[in-house]
Each structure stands twice: as structure tokens, then as C-alpha cells.
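Colleague: In my numbering, the protein residues as written are 440 to 1032.
Note that the Cβ used here is the ideal one computed from N, Cα and C, for glycine as well.
Note that this is a predicted model, so its numbers are computed, not measured.
The structure that follows is given in the form of C-alpha cells.
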Amino acid sequence: MPACHPQNYEIFLKFADFLKRPVIKEKITPQHPWVCFSNEFGVSDLPAAGGLGYLAGDWVHLSARLGIPFMGVGLYYKTRWRQDLDRNFYQIEHIHHSPHPSHFQFTKLKTDKKHYLIYTYRSHPFATPIEIFTKDIKGNLLIMLYEPGIRGLYEGEKEDEHRLYQSAVLGFAGIHALVSLGITPSILHLNESSTVIAALALLDYYCNQGSSLEQALKMVREITVFTNHTLSPVAEPFWRLDQIKNYIGTNLRCPDVKAWLCDFISKQKTGVCFFDLAFLLAGRVNAVSKIHALKAGQAFGRNFYSITNAVSFRWIYPDILDKYKRKNILHPLFGTLESGYKNKIRTLNLQTMLSIRKKAKRSLRKILKKEWFNQYGQNVIIPPGARIAVWARRFDDYKRPFLVFTDTDRLGQILEKYNIYFLMSGRAHPRDKIMKKKMAEILTKINENPVLKKRVFFVKNYGWRLAKPLVTGADIWINTPRVGMEACGTSWEKAVLNWVLLSSTPDGGAADIFLDGRYKIDNPPFFLIEGENDDSLAAQSLYKNMERMGEVLDDKKAWYKAVLRQLETFLPIANGPGMMSEYLKLGTNNFGQ
């Protein structure tokens, strides 16, 4: 079964010629596609916890647009959870079962031989049959692996043994699925270290097909790209030798691979970290922004390629995307940046832009009122004419959701003076009691302040269905990670592409422009939050920025100037097809280049 439709492949051949890289056409074909293993894919109503999953979803959409033969391999999770709040604003989770994969138009793959995941649990051996489902996503194939006991995405603590089981299912059953489909990857893409078992399973397969261990290792390393999203080594789980034997060793068939893995394990002092195994099996390792590559290199002691995360066009308001095309800012077929794009951006008409923004905000207000609920269980109602500021992302300490509420009286004054309504949305991990407590503290602060209670809404159940209207309909986007902690972040990119004013710390992808020398920190093209990791100083800087943005929103010409400057700066960074061309280059370069 080919990885893409013939008509899509014709587009890919043209794209390779456009990039002037004929080697891409030689290495990537429908039978030898780019294959990405990921724990989450933010497409087709599949669960995604954050940026990693939405990025994987964007890879699916962008590869289809560019005709790139691409396959995604992931897990179909049996359980999901819906966010709610109790009377004290403490997050509670309502667990529910996902419908059968066929509900989302996934088709069961009939294979000559069933795949069984073999493991030992509490000294008892088990062999669980894994079902393989496929779905055509705009011309490319998405593979989902399923069995009822797979449970939920990132369920339990990071070192919960069930997560090791999920990694084993993804890796061994995923490679079995590729073999059943007659697919040989030209690029084996590991989206974070938890997917590394796919590379190990491929190594085992090559050896069982007659290759020596040395040959098989070379073959795996030549095609494997490992994308890291984690800046802190502490975030990686460590597995004991007996756990590796019970879930991984039981599925390896080649004695040489077992011996190689045992030798690797014997050299680990604190347990087995998949991050180290990914380093060993991947020929290329990339970070997802320039600052991430720098920080990760310092943390892990090795070189990282830098490919900054970008976004697909599914996040851009249709009327805005139409303007980019009509003005020849983006290539009509591929969506890459056209030459002279800065001058073309400057031809955008102010009145047309304001009209489109008004329409996008109206759509946001309508969907909030109809479909979404705030911290009080009421529909979210924003009056016409009000400005909308947004903080929306995974609820994690390093992202500092509390920063804007440092001085609630001052925040209230700003919101009233500039007629701003503030929307916050995000989910804490069910086991993260600290962040659930901080969420409750923030919402209690809001509830106790009459102005904030009227103007600040926490929108429950953040996900891609809410994210899109937020990034297209907001006036102000706030991005507050601690400097040096955010690998990239893409919500701010989506907002900028939709003509939303940005206030951000100089971290993740937003810091690229300072590291490559295009801008100095004292002349930023967005509303820079200063103070770095001093929360008090950063909060004061954020309040000043909110006041400045309020004034800019009152002055149409100032708004026009600010939005165009942001676009000129960040469109090259946020451009999804540009990111895809970088991955194609990295994945098809001769090993060691």
C-alpha cells in the first residue's frame, strides 16, 4: 500500500525541483516514505496534550499539501478526560471511553499474521493482540494501533509502567504494521524519546532479515531522525532492568540485538533513559528552536540541529490566508515565502485588515457563547466592541499562568481602561496537584476581585477545537514562559499569522530573531516581556505591555504598523512549508553530514 496518492506525489516531485534538491526524489517515494512515530497526533479528533501533538498533526497536513509521501504511526487511546472545576475551582477530570476507531473513519488493516505484544506482569506472561487501523488524511496514511487496554494519553506518572507498555506497543506493533503494508521508511522520525522503541524494533527486524548487527545499526542510524522537545533531563523517565526485560526484551527476536541492549543497559548507572537510547540509534538529532538547540546542547553534551517549529495553514483564518495568496506573499502551490515578501506584506490594506479582524472576532464571540463554558459553568459572553486578550496553553509552572495575576488591582485597571476581556484556558495534568492548586488559587483571585470576575474568563477544556478560534479572534496574545525553559511554542506563531498583537518573553521560537542577529533585545519587533525569570519584574513589564497594546489598539495606524512588523519578522519562522523543507534536508542528507 503506497503512503500517498499518485496526484499528491506529482506535487512532491515539483516541490523537490522547486527546492533544487533532486536527492529528495530519489530517497523519498510512496513505498519509501517519511514515517513519523508519535505518541499523539492532533488530527481527526484524536487526543493531543499540547504542542508536540499539534506539531505532529501539522506535519500530517503539511506533507499532504506538499505531496510528501508521509505516514504517521501512533496509538489509539481507549480513554480520554474532560476538564471540569469543583466549587473551589479545583480541576477535576471526567473520564470517558473513546468510540471505536471506525467512528472516526479508521479502517482495520487485515494482515496475514496478527501481531502480539508479549510482556510479563507480576511474573505472569501475557500476549496481547494489537489491531492496526488506517485512515487517509488528505492523501497520506495515518496508522493507529489499538487494543482496549491501551488506556489514555500520558496516563499516570511519567514512570508509570503502563507508559512503558504503550511505548512497546507503538514501537513493535508499529514496525509490524509497516512490514505488513510493504513499507520501508526513507526517514524514521522519532517525535520525542518515548518513541525510540520503533528504532529498536526496526533494528531487530533488519537482523532477523539476515543483516549483521553492525550492518543493521548502520541502516537504522542512516534513516533515523530524533526530534527532542524536552529541555530538562529530569523530565525523562528512567526504567529498571527488569522492566525493560518484561516489556522490551520479550519482543526482541534477535539474540545479537538482545545482547547489544543488555550491554547498553549495563553501562547505565541510574536506570535506562530512552533519551540516551534515542541518541544511540538516531543518526540525526534536532531541537525545535535556536535557543532550544543551544540549551539542549549544554544540558546533554552533544550537538543538536535546529529546526524551529512552524505551523500549517489550518490555523490561519481563511480570509487572511486568502490575502497572503492574492498578494503573492506565499507561493500559490507550495505555500513557501515568495521573494520580496516583506514589500508585499506592506501592500496589505489597513481597512481590509480591520474588516477581516472584525469578522474573525465576531466568529470567536459566537462560538464562545454557543459552545464553551467558563469557570462558573456559564457560556462565555464577550460584548461587541470589547478587546480580547488570551493566555492559552498547557497549565505548567514554567509557562507561568500566574504571572498576569501578580497585581490583580493593576490588571483590573488595565482591563477596564482599555475595555479588554481576558480569556485564559489550559489543562493541568491529572496527577499535577501543584498546578491544579495554582489554578484554583488564580481562579479564586479572579472571583474575589469584582472587575476581574466580570472581565476574566477561564474557558474549560482547552484543545484544538478551541485553540483555532482563539488564535484567529484574539486582539492580544500573551506568552509568558521562563526564559530557557520553552523548547519552542507555536500558539504565539499562530496568533501572529492572524494579525494578533504579541507580548512574549524572549524564549523558544520567539528568541530566534535575537540569536541569529536580526534584532537586538532593546529593539524587539513585538511587545517584549522583560525581567527574564524574575516573576515580579516580568509581571510589571507585562502590565506595561498591556497598556501599550491597549493604546495601539486605539490607534489604527499604530496597530497596522505593529502587525506588519510582526509579520515581516515571524512569517519566515512560522512558515510550515519552510519547516518541512528543513526536515527533508536533514532526513535525506548523507549520514554524518
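1) R987 to L940, Cα distance in whole Å?
2) Going by beta carbon distance, what residues of the same chain come within less than 8 Å of L776, once the five residues before and after it are set aside?
3) Write down every uninterrupted run of the alpha helix (DSSP H) in the stretch 763-800 whose length is 4 residues or greater and which is fully enclosed by it, in chain order.
4) Quick one: is Q817 buried, meaning 16 or more other Cβ sit within 10 Å of its Cβ, or exposed?
5) Going by beta carbon distance, what residues of the same chain come within less than 7 Å of A1001, once the five residues before and after it are set aside?
6) For a test of your reading of the model: does the CB of L941 fall under 7 Å from any non-hydrogen atom of the ligand HEM? Yes or no.
7) According to the Cβ coordinates, are P730 and L954 closer than 8 Å?
8) What does a CB cutoff of less than 8 Å around Y393 pick up in its chain, not counting 5 residues either side in sequence?
9) Closer than 6 Å by C-beta to V724: which residues in its own chain qualify, once you throw out the five before and the five after it? Chain order, please.
10) My guess is that R839 and T919 are in contact by the Cβ rule of under 8 Å, so how many angstroms apart are they, rounded?
11) For A616, does the three-state DSSP call read helix, strand or coil?
12) For I467, which of A455, R679 and F739 has the nearest alpha-carbon?
13) For P445, does the count of other Cβ atoms within 10 angstroms reach 16, so buried, or fall short, so exposed?
14) What are the boundary residues of the beta strand (DSSP E) that includes F572?
15) Let's see if you can read the secondary structure: which residues bound the beta strand (DSSP E) around M583?
16) Within the continuous alpha helix (DSSP H) that includes G851, where are the two ends?
17) According to DSSP, simplified to helix, strand and coil, what is K875?
18) Answer yes or no: do Y686 and I589 have a C-beta to C-beta separation smaller than 8 Å?
19) Evaluate T546 with the Cβ neighbour count: other Cβ atoms within 10 Å of its Cβ, from every protein chain shown; 16 or more gives buried, anything less gives exposed.
20) Taking 8 Å as the limit between beta carbons, can you name the residues of its chain near L627, skipping five residues before and five after?
21) Would you report the Cα separation of S541 and A503, rounded to the nearest angstrom?
22) Buried or exposed, going by whether 16 or more other CB atoms sit within 10 Å of the CB of E932?
23) Report the residue from V910, G989 and R849 whose alpha carbon sits nearest the alpha carbon of L862.
24) When you compare the stretch 496-510 with the stretch 1017-1026, are there three or more beta-carbon pairs, one atom per stretch, that lie closer than 8 Å?
25) Does DSSP put R521 in a helix, a strand or coil?
26) Among I827, L772, N886 and R785, which residue has its Cα nearest to the Cα of F457?
27) Quick check: the stretch 692-705 against the stretch 887-896, are at least 3 beta-carbon pairs closer than 8 Å?
28) Taking the beta carbon of N667 as the centre, do at least 16 other beta carbons fall within 10 Å, making it buried, or is it exposed?
29) Excluding sequence positions up to five away, which residues of its chain have a Cβ less than 8 Å from the Cβ of I784?
30) Would you kindly check if the distance between the Cβ of V462 and the Cβ of T1027 is under 8 Å?
31) Given this structure, state the Cα-to-Cα distance separating T786 from L936, to the nearest angstrom.
32) Just to confirm before moving on: does the CB-CB distance between K800 and G912 stay below 8 Å?
33) Is L967 closer than 8 Å to V843 when the C-beta atoms are compared?
34) With 16 as the cutoff for other CB atoms within 10 Å, does N447 come out buried or exposed?
35) Kindly indicate which residue of A655, H536, F480 and G595 has the alpha-carbon position closest to the one of I576.
36) Just to confirm my understanding: we take Y1033, look at its own chain, exclude 5 residues before and 5 after, and list those with CB closer than 7 Å. What are they?
Modeller: According to the structure data:
1) Taking the sequence shown and counting its residues from 1, one reaches residue 987 at position 548. Taking the sequence shown and counting its residues from 1, one reaches residue 940 at position 501. Roughly 11 Å separates the two Cα atoms.
2) If you number the sequence shown from 1, residue 776 lands on position 337. Excluding residues within five positions, the ones whose Cβ falls inside 8 Å are I768, L769, H770, L1010, P1011, N1014 and G1017.
3) 780-784
4) On the sequence shown, position 378 is the one that residue 817 refers to. Result: exposed.
5) Taking the first residue of the sequence shown as position 1, residue 1001 is located at position 562. Excluding positions up to five away in sequence, the list reads L940 and V991.
6) Because no ligand of any kind appears in the structure shown, any question about the ligand HEM cannot be addressed here.
7) Reading the sequence shown from its first residue, position 291 is the one you call residue 730. Reading the sequence shown from its first residue, position 515 is the one you call residue 954. The sequence shown places Ile at residue 730, rather than the Pro named in the question. In contact: I730 and L954 (Cβ atoms closer than 8 Å).
8) Nothing can be reported for residue 393: it is not among the residues displayed for the chain, which extend from 440 to 1032.
9) Counted from its first residue, the sequence shown places residue 724 at position 285. Cβ neighbours of V724 beyond the five flanking positions: F665 and F743.
10) Reading the sequence shown from its first residue, position 400 is the one you call residue 839. Reading the sequence shown from its first residue, position 480 is the one you call residue 919. R839 to T919, Cβ: 4 Å. Contact.
11) Mapped onto the sequence shown, residue 616 falls at position 177. A616: helix per DSSP, three-state reduction.
12) If you number the sequence shown from 1, residue 467 lands on position 28. The candidate whose alpha carbon is nearest that of I467 is A455.
13) Mapped onto the sequence shown, residue 445 falls at position 6. It counts as exposed.
14) Position 133 of the sequence shown, counting from 1, holds the residue named residue 572. Its beta strand (DSSP E) spans residues H563 to I576.
15) Translated into the one-based positions of the sequence shown, residue 583 becomes position 144. Start and end: N579 to Y585.
16) What you label residue 851 is simply residue 412 of the sequence shown in a count that begins at 1. Looking at the DSSP string, the run of the alpha helix (DSSP H) that includes G851 is T847 to K856.
17) Residue numbering aside, residue 875 sits at position 436 when the sequence shown is read from its first letter. DSSP places K875 in helix when its eight states are reduced to three.
18) Position 247 of the sequence shown, counting from 1, holds the residue named residue 686. Position 150 of the sequence shown, counting from 1, holds the residue named residue 589. It is not a contact, given that the beta carbons lie outside the stated cut-off.
19) What you label residue 546 is simply residue 107 of the sequence shown in a count that begins at 1. Exposed.
20) For the purposes of this step, residue 627 is taken as residue 188 along the sequence shown, with counting starting at 1. Excluding positions up to five away in sequence, the list reads V474, F476, A637, A638, L641, V659, I662, T663 and V664.
21) On the sequence shown, residue 541 is found 102 positions in, with the first residue counted as 1. On the sequence shown, residue 503 is found 64 positions in, with the first residue counted as 1. Roughly 22 Å between the two C-alpha positions.
22) Working through the sequence shown from its first residue, we reach residue 932 at position 493. Buried, by the Cβ-count rule.
23) Position 423 of the sequence shown, counting from 1, holds the residue named residue 862. When only C-alpha atoms are compared, the closest one is V910.
24) yes
25) For the purposes of this step, residue 521 is taken as the residue at position 82 of the sequence shown. Three-state DSSP puts R521 in a strand.
26) Mapped onto the sequence shown, residue 457 falls at position 18. Of the candidates I827, L772, N886 and R785, the one whose C-alpha sits nearest the C-alpha of F457 is L772.
27) no
28) As a working note, residue 667 is residue 228 in the sequence shown. With 16 or more Cβ atoms within 10 Å of its Cβ, N667 is classed as buried.
29) Your numbering for residue 784 matches position 345 in the sequence shown. Cβ neighbours of I784 beyond the five flanking positions: K766, I768, L1003, L1006, E1007 and L1010.
30) Position 588 of the sequence shown, counted from the first residue, corresponds to residue 1027. Position 23 of the sequence shown, counted from the first residue, corresponds to residue 462. It is a contact, given that the beta carbons lie within the stated cut-off.
31) The residue given as residue 786 occupies position 347 in the sequence shown. The residue given as residue 936 occupies position 497 in the sequence shown. Spanning the two alpha carbons is a distance of roughly 16 Å.
32) Locating residue 800 in the sequence shown gives position 361, where the first residue counts as 1. Locating residue 912 in the sequence shown gives position 473, where the first residue counts as 1. Yes, Cβ-Cβ distance for K800 and G912 is below 8 Å.
33) Translated into positions along the sequence shown, residue 843 becomes position 404. Translated into positions along the sequence shown, residue 967 becomes position 528. Cβ atoms of V843 and L967: not closer than 8 Å.
34) Taking the sequence shown and counting its residues from 1, one reaches residue 447 at position 8. Its Cβ being crowded by 16 or more others within 10 Å, N447 is buried.
35) In the sequence shown, counting from the first residue as 1, residue 576 sits at position 137. Comparing Cα-Cα distances from I576 to each of A655, H536, F480 and G595, the minimum goes to F480.
36) Summary: the structure shown does not reach residue 1033, with the chain confined to residues 440 through 1032, and so no result is reported for it.
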